[in-house]
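Under the working numbering, the first residue of the sequence shown carries the number 1, and numbering increases by one thereafter. Everything below concerns the one structure shown next.
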Amino acid sequence: MELIKAVVTRRSVRRFSDRPVEEDKISSLLEAVRMSPSWANMQCWKFVVVREQATRERISELTYVESFFAPKGYKANPAKKGIAEAPVVILACADPSRSGVLWDQPYYMTDIGIAAQTLMLTTHALGLGTVFVGVFDDQKLHELLAIPQEIRIVGIFPIGYPLDETTKEGPPRKSLGEIVHYEKW
Ligand SMILES: Cc1cc2nc3c(=O)[nH]c(=O)nc-3n(C[C@H](O)[C@H](O)[C@H](O)COP(=O)(O)O)c2cc1C
């Protein structure tokens, strides 16, 4: 798929069919993610690939954080069902000690953000769907997957073939007039 078309047509996919995902597609996806740029090429990322149904169901249950969702009236993370449905779930994690800090700004989140965009666009280009799930019970997820405490879990990505209903138009974007300054702020 042509890159700009992939960028423009990618949408968050939150519901998946039960069609299995081919192993070679997951390998291609991880190979592409591996090529992402990072602070001083330190590649602070670690990925956990989960296929076990019972584990995916448990991860799905851990995507609700009351203090985050309750004020907005949500009873569940909109991505909850999809994590149990998708045949593969990938967690994108970071080892902050393996990235840079400049002017008090830690760059591990940037590194993982870039890897996440590679993951989302490649998933889309492979005919699959995913969504960045950033709200979850961090501590319980660490325990469930035996992730060391010093490793940060940044995002959960369910990967699968989208159900048709999920590929519709996404939420609107701000206009360029609202977000771009020319020459000076
Ligand atoms: C850092 C980050 C965290 C996100 N966390 C969640 C989440 O927990 N649950 C969810 O359903 N969507 C989540 N999203 C998806 C956004 O809601 C979505 O990208 C945005 O509404 C734009 O829609 P689009 O991806 O279809 O273009 C997250 C996206 C990002 C970038």
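Ideal Cβ placement from N, Cα and C applies to all residues, glycine included.
Excluding its 5 nearest sequence neighbours in each direction, alanine 6 has C-beta neighbours in its own chain below 6 Å: Leu121, His124 and Ala125, listed in chain order.
In terms of Cβ geometry, alanine 116 and phenylalanine 157 form a close pair [threshold 9 Å].
At least one heavy atom of ligand 1 sits closer than 8 Å to the Cβ of arginine 14.
If you draw a straight line from the Cα of glutamate 178 to the Cα of isoleucine 4, it is about 22 Å long.
Around serine 60, the same chain offers Lys80, Ile83 and Ala84 as residues with beta carbons nearer than 6 Å, after the five sequence neighbours per side are excluded. The beta-carbon separation of phenylalanine 136 and leucine 30, rounded to 21 Å, does not stay under the 8 Å limit for a contact. Scanning its chain for C-beta atoms nearer than 8 Å, with the 5 sequence neighbours on each side dropped, one finds around methionine 42 the residues Arg98, Ser99, Gly100 and Asp111, in chain order.
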